[in-house]
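Enquirer: If you read the sequence shown in UniProt numbering, its first letter stands for residue 1, the second for the next number, and so on.
Positions of the beta carbon are idealized from the N, C-alpha and C atoms, including for glycine.
A single structure is presented below for examination.
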Amino acid sequence: MGSTAEEIVFYTNPMSRGRIVRWMLEELGQPYRTEVLEFGKSMKAPEFLAINPMGKVPTIVHRGVVVTEAAAICAYLADAFPVAGLAPALDDPLRGSYLRWLFFAAGPVEAAISAKAFGALPPPEKAGSLGYGSFEQMTDTLEQAAAGASPWLLGERFSAADVYVGSQVLWGQMFKTLPERDAFSCYGEQLRARPAWQRAAALDDALIPSRA
């Protein structure tokens, strides 16, 4: 699992959140090497646990730095390769909105969807104690973000926030973990039309073993 310092090594599984990072890498336009790991096998092997003790994907290694967590990887890559234009500069007023939606999807959206999927949503009177408030509050806020995408979260500028937030919306539509809303459908259509999304999906789909 060795690599040169400048090489992006991408550890993933095509049936994981690694699909988010694959899309980000295709938007980036930089060469990268893919290492496909198996759940419960190579993902939990000592060699990989030395890289990511969680034994989970996605994980990247670049310039000797290990980055885990899909949202963090997207943010890291956008800043590491500014020529791709996938993140506003530190002095750009859009930086605040970029970080807001990126972390909103990584925090409240992910937490609320997971809680609902496992029947662990708290009673309404406890909503104030949670980062996402209620599932309905999270969904309405996400809908406002998608409805305001014109065509992207930062207006005319596509960013890593669209990759991460967009992935949550696309998965929510696919797995029915989000309610059907016109804003989600329109935003999803725009995302699926991106050549980088199409390339990433084709690459990952080709790695999924046939179930025939």
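Would you mind sorting L90 into buried or exposed? The rule is 16 or more other CB atoms within 10 Å of its CB.
Expert: Your numbering for residue 90 matches position 90 in the sequence shown. The residue in question, L90, is exposed, as its Cβ has fewer than 16 Cβ neighbours within 10 Å.
Enquirer: Compute the Euclidean distance between the alpha carbons of P108 and L37, then round it to the nearest angstrom.
Expert: As a working mapping, residue 108 is identified with position 108 in the sequence shown. As a working mapping, residue 37 is identified with position 37 in the sequence shown. Answer to the nearest angstrom: the Cα atoms are 28 Å apart.
Enquirer: Buried or exposed: E156, going by 16 or more other Cβ atoms within 10 Å of its Cβ?
Expert: For the purposes of this step, residue 156 is identified with residue 156 of the sequence shown, where counting begins at 1. Exposed.
Enquirer: Check whether the Cβ of F48 sits closer than 7 Å to any heavy atom of the ligand SAH, and report yes or no.
Expert: As for the ligand SAH, it is missing from this structure, which has no ligand bound.
Enquirer: Would you list the residues sitting across from W152 in a DSSP beta bridge?
Expert: For the purposes of this step, residue 152 is taken as residue 152 along the sequence shown, with counting starting at 1. W152 pairs with G155.
Enquirer: What are the boundary residues of the beta strand (DSSP E) that I60 is part of?
Expert: In the sequence shown, residue 60 corresponds to position 60, counting from 1. Run containing I60: 59 to 62, per the beta strand (DSSP E) assignment.
Enquirer: Exposed or buried, what is R22 when buried is set at 16 or more other beta-carbons lying within 10 Å of its beta-carbon?
Expert: Numbered from 1 along the sequence shown, position 22 holds the residue referred to as residue 22. The residue is buried, with at least 16 neighbouring Cβ atoms inside 10 Å.
Enquirer: Looking at the secondary structure, which residues open and close the alpha helix (DSSP H) in which T34 lies?
Expert: Position 34 of the sequence shown holds residue 34. Careful: T34 lies outside any alpha helix (DSSP H), inside the beta strand (DSSP E) at 32 to 36.
Enquirer: Could you give the distance in angstroms between the alpha-carbon of K126 and the alpha-carbon of E136?
Expert: Within the sequence shown, the letter at position 126 stands for residue 126. Within the sequence shown, the letter at position 136 stands for residue 136. Rounded to the nearest angstrom, the two C-alpha atoms are 14 Å apart.
Enquirer: Find out if the Cβ-Cβ distance for the pair A75, L102 is shorter than 8 Å.
Expert: Locating residue 75 in the sequence shown gives position 75, counting from the first residue. Locating residue 102 in the sequence shown gives position 102, counting from the first residue. Yes, the Cβ-Cβ distance between A75 and L102 is below 8 Å.
Enquirer: Note down, in chain order, each residue of its chain lying with its Cβ closer than 6 Å to the Cβ of A200, except the 5 sequence neighbours on either side.
Expert: Numbered from its first residue, the sequence shown carries residue 200 at position 200. Once the five neighbours on either side are set aside, the close Cβ partners of A200 are R22, W23, E26.
Enquirer: Just grab the DSSP bridge partners of E9 for me.
Expert: One-based indexing of the sequence shown puts residue 9 at position 9. Looking at the sequence provided, one finds Val at residue 9 rather than Glu. Beta-bridge pairing links V9 to R33, V61.
Enquirer: For P14, which residues of its own chain have a beta-carbon under 6 Å away from its beta-carbon, when the five flanking residues on both sides are left out?
Expert: Position 14 of the sequence shown, counted from the first residue, corresponds to residue 14. Excluding positions up to five away in sequence, the list reads D204, L207, I208.
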